[in-house]
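This report concerns only the one structure given below.
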Amino acid sequence: MSLPTLHDFHRPLGSTGLTVSPLGLGTVKLGRDQGVKYPTGFTIPGDDEARMLLAQARELGINLIDTAPAYGRSEERLGPLLRGQRDEWVIVSKVGEEFDNGLSHFDFSAAHTRRSVERSLRLLETDHIELVLVHSDGNDLAILEQQEVYQTLAALKQEGKILGYGLSGKTVAGGLKALEQGDCAMVTYNLNEQAERPVLDYAAEHGKAILVKKALASGHICLAPGVDPVQASFELLFSHPGVSSAIVGTINPLHLAHNVATVARILGQH
Numbered sequence: 001m002s003l004p005t006l007h008d009f010h011r012p013l014g015s016t017g018l019t020v021s022p023l024g025l026g027t028v029k030l031g032r033d034q035g036v037k038y039p040t041g042f043t044i045p046g047d048d049e050a051r052m053l054l055a056q057a058r059e060l061g062i063n064l065i066d067t068a069p070a071y072g073r074s075e076e077r078l079g080p081l082l083r084g085q086r087d088e089w090v091i092v093s094k095v096g097e098e099f100d101n102g103l104s105h106f107d108f109s110a111a112h113t114r115r116s117v118e119r120s121l122r123l124l125e126t127d128h129i130e131l132v133l134v135h136s137d138g139n140d141l142a143i144l145e146q147q148e149v150y151q152t153l154a155a156l157k158q159e160g161k162i163l164g165y166g167l168s169g170k171t172v173a174g175g176l177k178a179l180e181q182g183d184c185a186m187v188t189y190n191l192n193e194q195a196e197r198p199v200l201d202y203a204a205e206h207g208k209a210i211l212v213k214k215a216l217a218s219g220h221i222c223l224a225p226g227v228d229p230v231q232a233s234f235e236l237l238f239s240h241p242g243v244s245s246a247i248v249g250t251i252n253p254l255h256l257a258h259n260v261a262t263v264a265r266i267l268g269q270h
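Counted the way full-length UniProt numbering counts, the sequence shown spans residues 1 to 270.
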């Protein structure tokens, strides 16, 4: 018997013209093991293990991959790992946050934004990135009102270096503003945290893209006995028409297959 896959459940990423799997693979664990908020420790997988995980994701119908400069060596590793299969992936990266020596620092200037995207293109060994999101420090509105970062991303989109842009933010006001002017908002939405729901509603009404981060509350979800927390989480997410895809950052092949099977079952019922 073959495993359930997501090949039949790809959907539009807002109005970008891109089509994505309802689950995306988050790759923070491919590049960074310091300062990450997971309940249990983990070891960064080696190249063979990472290659197998990516191959498994593809076989299971996942075509969306999420990375960022702040994810340590993630981009630098993905370049070589994705050689020969670049066209099969929709890559999401970020700008604004840098991670050095265990600490994050932020820069949303025009010069840094352009330099960051150029570096991501080089590391990922590609001439374009499908989606680049502003990696917010929490001051979503202030970042967007300064205009520099969004104007620079708009210019990079005109140049064909990126195909869409948006914000990975932390506030409703930021998410709404990000969608008014951009293509996508990445929001936190799970069984524990639903404050950003108005951003999902706006996206559904205006044909904009929503990517969900912390869909499983970074592994912290606890529910009543007898309730499958993964199933309950994905049922909540995919009952909302605004959600394009949820990013899951697992490096465990079994977890990945279970997540995919759960989502395929839920979407197959709709």
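Virtual Cβ for every residue (Gly too), placed ideally from N, Cα, C.
Can you find the residues in the same chain that come closer than 8 angstroms, C-beta to C-beta, to residue i, ignoring five residues on each side of it along the sequence?
i: R51; result: L81
i: S109; result: E148, V149
If you draw a straight line from the alpha carbon of residue i to that of residue j, how long is it in whole angstroms?
i: I247; j: I65; result: 8 angstroms
i: S245; j: G26; result: 11 angstroms
i: T152; j: P225; result: 49 angstroms
i: Q194; j: T188; result: 7 angstroms
i: L30; j: A111; result: 27 angstroms
i: E97; j: D107; result: 7 angstroms
i: V95; j: G84; result: 25 angstroms
i: S93; j: K157; result: 14 angstroms
i: E145; j: G72; result: 28 angstroms
Give a yes or no on whether 7 angstroms exceeds the smallest Cβ distance from residue i to chain B.
i: G79; result: In summary, chain B is missing from the structure at hand, where a single protein chain is found.
Return the chain-ordered list of same chain residues with a C-beta closer than 6 angstroms to the C-beta of residue i, the five sequence neighbours on each side being excluded.
i: Q231; result: T262
i: V90; result: L18, V20, N63, L64, E130
Helix, strand or coil: which one does DSSP assign to residue i?
i: A111; result: helix
i: residue 271; result: Limits of the chain in this structure are 1 at one end and 270 at the other, which puts residue 271 out of reach.
i: A209; result: strand
i: V36; result: coil
So, is residue i buried or exposed, given that buried needs 16 or more other C-beta atoms within 10 angstroms?
i: G41; result: exposed
i: H206; result: exposed
i: T113; result: buried
i: G35; result: exposed
i: G138; result: exposed
i: S116; result: buried
Ends of the beta strand (DSSP E) at residue i?
i: Y165; result: 165-168
i: T188; result: 184-188
i: L23; result: 23-26
i: L156; result: Here L156 belongs to no beta strand (DSSP E); instead the alpha helix (DSSP H) covers 148-158.
The alpha helix (DSSP H) that contains residue i, what's its start and end?
i: E75; result: 74-81
i: H258; result: 253-269
Within the same chain, show all residues whose beta-carbon is closer than 7 angstroms to that of residue i, passing over the 5 residues directly before and after it, in chain order.
i: E75; result: T67, P69, S93, S120, L123, L124
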